[in-house]
């Protein structure tokens with residue numbers, strides 16, 4: 156049975172490997188470096204969740220909260236474990252943590268080509284806002 160628990164920095168290497176298996180782009184020399192993830196985990200350990208089958212990490216989700224809005228980031232489930240409800244459980248657990256922090260809005264950014272994730276979020280009651288454009292300003296390509 157899948158167990159959902161907080162990730163620790165000792166899960167870092169397996170987390171990066173999982174993201175690679177899921178073809179989830181990451182920046183291990185920047186915002187996803189072990190040092191940066193450690194800093195983020197120390198600040199908000201309850202926003203880093205993993206799904207485990209025994210000792211094997213099969214799913215992740217990372218949340219963020221700015222005091223107003225909660226965000227779902229890095230949702231990933233190992234391709235061999237998909238279609239078992241793991242992503243739904245990760246999202247539900249993160250939504251609970253974010254609600255406990257006071258958020259009334261939970262959002263996710265999903266690439267338009269990722270129809271599987273879009274369908275999942277819509278199934279869970281999320282609304283796609285096609286009129287919103289995502290803009291970013293980065294200090295470097297690894298930010």
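In this note's numbering, the protein residues as written are 156 to 298. Built from N, CA and C at the ideal position, the CB exists for glycine as well. Note that the structure is a prediction, hence the values are computed from the model and not measured.
Judged by their CB atoms, residue 202 and residue 265 are not nearer to each other than the 8 angstroms cut-off. The beta carbons of residue 218 and residue 206 sit no closer together than 8 angstroms. Excluding sequence positions up to five before and after residue 242, its CB lies within less than 7 angstroms of the CB of 214, 230, 232, 275, all in the same chain and listed in chain order. Contact between residue 204 and residue 161 holds: their C-beta atoms lie close to 6 angstroms from each other, under 8 angstroms. With respect to residue 260, residue 246 sits apart: the two C-beta atoms are not nearer than 8 angstroms.
The continuous stretches of beta strand (DSSP E) do not include residue 297, and DSSP gives it neither H nor E. Annotation: residue 166 to residue 280 spans about 30 angstroms, alpha carbon to alpha carbon. Beta-bridge partners assigned by DSSP to residue 157: 208.
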